[in-house]
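Below is one structure; the comments refer to it alone.
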Amino acid sequence: MSIDKILEQARSGLDRLSPEQAAKLARVGGLLVDIRPYANRLAEGEIPGSVVVERIVLEWRFDPTSEHRLPGVNADTPVVVFCNAGYASSLAAADLRRLGLHRATDLIGGFRAWKTTGLPVIDGGSPALP
Numbered sequence: 045m046s047i048d049k050i051l052e053q054a055r056s057g058l059d060r061l062s063p064e065q066a067a068k069l070a071r072v073g074g075l076l077v078d079i080r081p082y083a084n085r086l087a088e089g090e091i092p093g094s095v096v097v098e099r100i101v102l103e104w105r106f107d108p109t110s111e112h113r114l115p116g117v118n119a120d121t122p123v124v125v126f127c128n129a130g131y132a133s134s135l136a137a138a139d140l141r142r143l144g145l146h147r148a149t150d151l152i153g154g155f156r157a158w159k160t161t162g163l164p165v166i167d168g169g170s171p172a173l174p
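Residues are numbered in my numbering as their position in the sequence shown, beginning at 1, plus a constant of 44.
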């Protein structure tokens, strides 16, 4: 199976959000999750209020049954994952759905689409949650 097919399958189960839709969801309690590497966050900036969770630990921080999960996150938490351009985030959001977070999705076009749209961005370099 090719990565294109895997990506297509991952996205088929997501209600992906535009930057404007993600911003609106964040205003009413949705959680924006930045999975980009530190170097990208430092160079390009970050979305204010987003939570930085590096991809290598994402499932452990969001599994509702994990002792390492983030406080306050449960199966009903609306989670919007984003990466640079919206590819890795689709795969990550699909993984969160498999863990039971039925409201997990991703940001169409990723951080770069958010920034291009003119939505707020702050200087980057925040450390990821441990």
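Yeah, the Cβ is synthetic: ideal placement off N, Cα and C, and Gly gets one too.
Predicted model only: the values in this text are computed from it and were never measured.
*Are the beta-carbon atoms of P108 and G144 separated by less than 7 Å?*
yes
*In or out: T149 buried (at least 16 other Cβ within 10 Å) or exposed?*
buried
*Is V77 helix, strand or coil when you go by DSSP?*
strand
*Can you give the beta carbon distance from A137 to R156, rounded, assuming they're within the 8 Å contact cut?*
About 17 Å separates the two Cβ atoms, so there is no contact after all.
*Would you identify the three-state DSSP class for D107, choosing helix, strand or coil?*
coil
*asked:* Contact defined as beta carbons within less than 8 Å: I believe E103 pairs with D139. What is the distance between those atoms, to the nearest angstrom?
replied: 6 Å
*Closest Cα partner of T161 within the set G57, I50, I47, P63*: P63
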